[in-house]
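Inspection log for the structure reproduced underneath, given as structure tokens.
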Amino acid sequence: MPVVCSCTNIFSHYPKQMIHSVNLLMSMYLNELNEPQKQAVTHIDGPMMIIAGAGSGKTKVITTRIAHLMASGVDAFQILALTFTNKAAAEMKERIEKILGGTDARNLYIGTFHSVFARILRAEAPRLGYPSSFTIYDADDAKSVLKTIVKEMNLDDKHYKPNIVLNRISLAKNALVGPDEYLTDAILQQDDAKSQRPEIGNIYKAYAQRCFKNGAMDFDDLLFKMYELLTGFPDALAKYQRKFRYIMIDEYQDTNTAQYEIIKLLGAMHENLCVVGDDAQSIYSFRGATIENILQFQRDYEDVKVVKLEQNYRSTQTILNVANQVIDNNRDQIKKKLFTDNHEGEKIRLIRSMTDNDEGRVVADMIQELKLRNHHFNKDFAILYRTNAQSRSFEESLRRMGIAYRIYGGMSFYQRKEIKDFIAYLRIIVNPADEEALKRIINYPVRGIGKTTIDKLVLLANETERSSWEILCNAAYHGFRGNTLQCIDEFVTMVKMFQSELTKKNAYDLAVIVGKSTGIVKELFNDKTTEGLARYENVQELLNSIKEFIETPMNEEDGEVGDKSLSTYLQQIVLLTDTDNDDQHEADTVKLMTIHAAKGLEFPVVFIGGLEETLFPSNMSINSREDLEEERRLFYVAITRAKTRLFITFANSRYRFGQLQQNEPSRFLEEIDDVYLDKSFAGSTSRNNNGWMQSSAHDRMRRGFGSMSNAPATPKKTYTTPLAKPQTKEHVPSENFEASNTADLKEGQTVEHMKFGFGTITRLEGAAHNPIATIIFQQNGEKKIMLNYAKLRIVENQ
DNA sequence: GATTATATGGTTTTT
DNA sequence: CCATATAATC
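As structure tokens, this is what we get:
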């Protein structure tokens, strides 16, 4: 090999004969950068802050900089890069690998705050009194613990709702306030007293104790305990300071106090800290993030190099102008001048519709049209919205049009009941103290350990300061008798068997044994309902995912605790989100997601839905300047996702909690100059008015049949038009359609169903309170109709 | 003790 | 509208 140093592989994709010297080599990838980008990449030692505007090539800069560090002789093992999502981490890894062409990138420590800290905490757990196989509680587990604590403390669960309490505790942890400090902090106590919830501090304390007893940490603990580790154990601090010589932080504007302090500690020895962020895109203050961190960064270190990336390579002039104009209404911001060399592009289209369903239909129509006229693919489109609940109307119309789509976020695969139940078994095997897992499975599948027994168990556990599991193991001693005792013993024997297999079998084989021995798989298999089938498939999918985990070659960056153990698997999946499964990411589907989930992504064509008061901005956020400005930043993020075309839509009214609610157009719309807008679809008295009225009348009728259309969605699957080939031929109800009294129905009658059309009743059955009619429809064949829900019109008596 | 009917209340946003 | 918590019934 003719070339100079160990850094050859970086340039392996360049023709060899071009390679003459290191300087020339470096200039090759540096040449692809603009001036400020180059400055950011080539700065090696000392603190640096990169203010990276939307679409300014931030990821490119970070990845190139890491490659450059390695080219300059920095050991990959000494580089730590922290991101907010697994997806961002994965993308970075991939891009660095591409630049390096070799395997060196494997040794980098790249991951989310939570997953990197979880890994470290697992290695250091004993210092903190935790088992190294500690469980990570997700929000559901945490809320469940809180619920039991509130009950045990005899507090009113109407006042102490798990969501509210957890939020409060979460904010405290993110601000590095422990239970004792919480209880003695006058202001916090005052706040809680004011909101009629004076006991939150005590709940917090009990919650922390309970989690510890259960050998569990919640999401926030992964930060909080990491901080405790670094501050409480100087040798641990020194160890990681030495290890991470170079640290990079992505999305710095979204860091909270805990993250900020941890970074500060880790970076204190070498001060090779590089933070990247954009204050205009700070959208996580509800999670404790504070823009202050960006400002404070310059105060904390001397000689901070500051680089601003202001050239946008993503969007058209028009899109950028609109974004700039909107964000300009915010008072709190670092002034930037984003510019682009891109084309002016088309105007932004503003679309008004009557209802949320119309909004969905218009967007689907528009996508169809653009596909035909401009040769777009499905994957060129994204539909973004403020709340997950908004996805439905888009989903329905895309389905009806036969357009393939994929929803990100919402309930993820691992949050489904059947999956959580199965996983609970795996959790209890690894960590028998995990009360939440035990609670889920102690009587699933039903084995005769009912409420009475469980209540007694919990009482005993609290009295004796032991875990429920320990008590179960000595059930006879603790006074359980007869059939109950037998059931308990059988359960204990089974779980102990699993535990003994833990060291002998790999995670997949063990999971298969669990599925068999518990009877879960068989039970789901025997459930032939649609939902049961979906659940069965989901469990199979889970087993597949475990297998995949086992078979994936081990990454060195998994470091000292990296292994294929069950507990590593469990740790990995709680920290995974729906958005992270990027196996489908390249699939040709329209992408639907919240704006939060869309951060960092870009799409050729973007639709932003629901630009209405009370929704966007959310009515939770209109009472303070800070909150409103965050909503505006959110809008800014949404706008800047678009590369060439942007559509903004809003509806006059939408269904909320099953009721039609009227809304004003969002105040944000007034902040956009008309010269950038195409409002031909937004007029209030346009010719389309007629069409709207008709379609919303149609909507109103369809609403009556809500029960028919919600087939359970299978996770991780792309919806390629389940309704494209409709099983039901659409029927337009007659003018005079009026539901008849179902008590008058007789066999042999001809009836009209609003959806299925005309048919003849062949059979009437079912209990009086739940009568069921079998009807042969002319268009749609035989159906069983629940008369309590369906509306039927008697056409003629036989 | 388990299965099923009824009531209630919930929508920001996420690791 | 939907999901989950409680009450009612077998």
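Residue numbers are given in my numbering: position 623 of the first sequence equals residue 2075, and the series is strictly consecutive.
Note that CB positions come from ideal geometry on N, CA and C, so glycine has one too.
As the structure is a computational prediction, the values presented were derived from the model and not from experiment.
Cα atoms of Ala-1523 and Gly-1507: separation of roughly 26 Å, rounded to the nearest angstrom.
For Leu-2098, the enclosing beta strand (DSSP E) stretches over residues 2094 to 2103. Assigned with DSSP and collapsed to three states, Glu-1847 falls in helix. DSSP places Ala-1492 within a helical segment (H, G or I) once states are collapsed to three.
The C-beta distance from Ala-1540 to Gly-1861 rounds to 15 Å, too long to meet the 8 Å contact threshold.
Relative to Ile-1531, the option among Asp-1556, Thr-1515, Tyr-1561, His-1495 whose CA is nearest is Tyr-1561.
Under the criterion of beta carbons closer than 8 Å, Glu-1651 and Leu-1618 do not qualify as touching, at roughly 14 Å. Fewer than three beta-carbon pairs drawn from the region 1730 to 1743 and the region 2057 to 2069 are found closer than 8 Å, and the two stretches are therefore not classed as touching. By the CB criterion at 8 Å, Ala-1660 and Thr-1707 fall outside the cutoff. A distance below 6 Å between beta-carbons, with the five flanking residues on each side excluded, links Ile-2060 to the following residues of its chain, in chain order: Leu-1836, Ala-2090, Ile-2100. The Cβ atoms of Tyr-1698 and Val-1947 lie no closer than 8 Å to each other. C-alpha of Tyr-1877 to C-alpha of Ala-1889: approximately 7 Å in a straight line. Sequence-distant partners of Leu-1962 (beyond 5 residues in either direction) whose C-beta falls short of 6 Å from its own C-beta, in its chain, are Glu-1953. For Leu-1675 and Met-1863, the gap between their C-alpha atoms comes out near 24 Å. For the set Thr-2029, Met-1700, Thr-2041, the Cα lying nearest the Cα of Met-1544 is the one of Met-1700.
Gln-1748 counts as exposed, since fewer than 16 other C-beta atoms from the protein chains shown sit within 10 angstroms of its C-beta. Three or more pairs of CB atoms, one per stretch, sit closer than 8 Å, so the region 1777 to 1790 contacts the region 1745 to 1764. Straight-line spacing of the CA atoms in Arg-1852 and Glu-2204 works out to 23 Å.
Following the DSSP letters along the chain, one finds Gly-1729 inside the beta strand (DSSP E) bounded by residues 1725 to 1729. Counting C-beta pairs with one atom in each stretch, the region 1807 to 1826 and the region 2017 to 2031 have fewer than three that are closer than 8 Å, which means they do not touch. Taking a cut-off of 8 Å for Cβ pairs, the region 1895 to 1914 and the region 1964 to 1981 touch, as three or more such pairs fall below it.
Measuring C-alpha to C-alpha distances from Ser-1584 to each of Leu-2080, Thr-2020, Thr-2214 identifies Thr-2020 as the nearest. In this structure, DSSP gives Phe-2059 an extended state, which the three-state scheme calls strand. Leaving aside the five residues that flank Met-1500 on each side, the residues in its chain whose CB is nearer than 8 Å to its CB run, in chain order, Ala-1492, Leu-1725, Cys-1726, Val-1727, Val-1756, Lys-1757, Val-1758, Val-1759. For Glu-2204, the enclosing beta strand (DSSP E) covers residues 2202 to 2205.
With a threshold of 16 other beta carbon atoms within 10 Å, Lys-1968 falls short and is exposed.
Rounded to whole angstroms, the gap between the alpha carbons of Asn-1483 and Leu-2027 is 38 Å. Cβ-Cβ distances below 8 Å link Glu-2054 to Gly-1507, Arg-1766, Arg-2093, Ala-2094, Lys-2095 in the same chain, with the five nearest sequence neighbours on each side left out; the list follows chain order. From the listed residues Asp-1592, Asp-1702, Met-1721, Asp-1670, the smallest Cα separation to Ala-1690 is found for Met-1721.
Two segments are said to touch when three or more pairs of C-beta atoms, one from each, lie closer than 8 Å; by this definition the region 1665 to 1679 touches the region 1569 to 1589. In chain order, Gly-2209, Phe-2210, Gly-2211 place their CB closer than 7 Å to the CB of Gln-2230, counting only its own chain and leaving out the 5 sequence neighbours on each side.
Secondary structure within the region 1592 to 1655: the alpha helix (DSSP H) runs of 4 or more consecutive residues, fully enclosed, are 1614 to 1626, 1631 to 1636, 1638 to 1646 (chain order).
With contacts defined as CB atoms closer than 8 Å, Ala-1519 and Leu-1552 qualify as a contacting pair. According to the DSSP secondary-structure assignment, Ile-1859 is paired through a beta bridge with Leu-2044. Between the C-alpha atoms of Leu-2129 and Pro-2117 there is a straight-line separation of about 15 Å. For Gln-1820, the enclosing alpha helix (DSSP H) stretches over residues 1808 to 1826.
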